[in-house]
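In this note's numbering, the protein residues as written are -6 to 282. Backbone N, C-alpha and C define an ideal beta-carbon position, used for all residues, glycine too. Bear in mind that the values here come from a model prediction, so they are computed numbers and not experimental data. Accompanying notes for the structure given below.
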Amino acid sequence: MQHRAPRHAGGRHRRTEPLHSHRAPSEPLAEKGRYAMAAALVAGVSVSGVAIAGESATPAGATGRAPSVTTSPITASSTALSPGALNPAALSKAALSKAALNPAVSPVGGASAAGTSVDAGPKSGVAGVSPIGGLDLGEPFVVQKRKVKPLPLWINPMPEGSVTSCFGERWGRLHAGVDLAAPSGTPIRAAGAGVVVSAGPADGYGNAVLIDHGNGYLTHYGHMSVITVVAGQQVKVGDQIGNEGSTGHSTGPHLHFEVHKGTYKNPIEPTQWMHEHGVDINGCVAFAG
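Quick look at the structure:
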């Protein structure tokens, strides 16, 4: 309040120096300092520049200036926090929730109040974060590796094809394989892994490929429009060896597929042999399926 001299006094005796305030602060400065410290922790800033009232700060009323606050990235090792600087009651549930998800700024997620490391234990859901209030965040998520399905040992050399002629006597001579018809240019693939014995023109077969599978059996592919392998080349099951065509003695685009036992020119019924090795080529009587 203003202290004026009595009106009846002679002259003007008004004070020229400001009077200090006798009103106590509405909230202790030490509590304000603690709130500022907690807010700085949640915001992820350094608290080294916060002047805590009652310890190192000068009251604002004495100097007319409020305590200065500087912000910088927080590090658990460079900033030592005194246990009395933290006020758990000042941290809201939302602040604790955010702090628990960010180990770099949480007082319980990587730095303790004394600036030391906190071991999260074996059941932390986030690395470096301890369970809060009895809440277990669960085991860390582990990406499961997808199992690679192994390749089969044998496949249909042209599954798009339909059977048009089977193994047996035809036109007075042996038809030594099975014919599979498909649109011209359809890829032809190695029925199994092996070594290409020959790749090129062959009598009656046009462009043909012969593969030795190293198990006492060979496969022969005829009437190709294009050959994509060379003699001596190692091939895996399913590797493309050429395209379907109508070269040689052929009446239309198709693959002539043969299986030989022991040596070339010793053909056997191919669909039954393929069935015994896990591959079905349906359409021939010899295939008991």
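Delimiting residues of the alpha helix (DSSP H) encompassing M267: P263 to E269
From the DSSP output, which residues share a beta bridge with N236? P180 and V219
If you run the structure through DSSP and keep just helix, strand and coil, what is A175? coil
Which residue's Cα is closest to the Cα of K258: H270, A195, G225 and T244? A195
What does the Cβ neighbour count give for P164, buried or exposed, with the cut at 16 atoms within 10 Å? Contrary to the premise, residue 164 reads as Trp rather than Pro in this sequence. Classification for W164: exposed.
Could you tell me the alpha carbon to alpha carbon distance between W266 and P133, rounded to whole angstroms? 51 Å
Report all residues from its chain with a CB closer than 7 Å to the CB of N236; omit the five preceding and five following residues, and keep chain order. G178, T179, P180, I181, M217, S218 and V219
Straight-line CA distance for G207 to G225? 13 Å
Go ahead and pull the three-state DSSP assignment for A192. DSSP places A192 within a strand segment (E or B) once states are collapsed to three.
Just to check my reading of the structure: K142 and A186 have Cβ atoms closer than 8 Å, yes? What is that Cβ distance to the nearest angstrom? About 17 Å separates the two Cβ atoms, so there is no contact after all.
State the Cα-Cα distance for the pair A192 and H242, rounded to the nearest angstrom. 17 Å
Exposed or buried, which one is G161 when buried takes at least 16 other CB atoms within 10 Å? Exposed is the call here.
Cα-Cα separation between N149 and R166, rounded to whole angstroms: Each residue's Cα considered, the two are about 26 Å apart.
Look up A32 in the DSSP assignment and say whether it is helix, strand or coil. helix
Can you tell me which residues form a DSSP beta bridge with D205? Beta bridge pairing from DSSP links D205 with V188 and L211.
Less than 8 Å between the C-beta atoms of S155 and A183, yes or no? no
Less than 8 Å between the CB atoms is what I'm expecting for Q227 and V202, so what's the real figure, rounded? Taking C-beta atoms under 8 Å as the contact rule, Q227 and V202 fail to qualify, at a distance of about 13 Å.
State buried or exposed for N200, treating a residue as buried only when at least 16 other CB atoms are found within 10 Å of its CB. buried
On a Cα-Cα basis, can you pick out the residue from Y198, H270 and G271 that is closest to H249? Y198
Take A169 and list the residues in its own chain whose beta-carbon comes closer than 6 Å to its own, dropping the five residues that flank it on each side. E251 and P260
Once DSSP output is grouped into helix, strand and coil, what is the label at P260? Of the three classes helix, strand and coil, the one that applies to P260 here is strand, per DSSP.
Can you give me the start and stop residues for the beta strand (DSSP E) that E162 sits inside? G161 to R163
Can you tell me which of the three DSSP states H168 falls into? strand
From the DSSP output, which residues share a beta bridge with K303? The chain is shown only over -6 to 282; residue 303 falls outside these bounds and no answer can be derived.
Where does E153 land, buried or exposed, given buried means 16+ other C-beta within 10 angstroms? exposed
A104 to D232 span [Cα, whole Å]: Its pLDDT being 42, under 50, A104 is placed unreliably by the model, and the measurement read from it follows with that caveat. Rounded to the nearest angstrom, the two C-alpha atoms are 58 Å apart.
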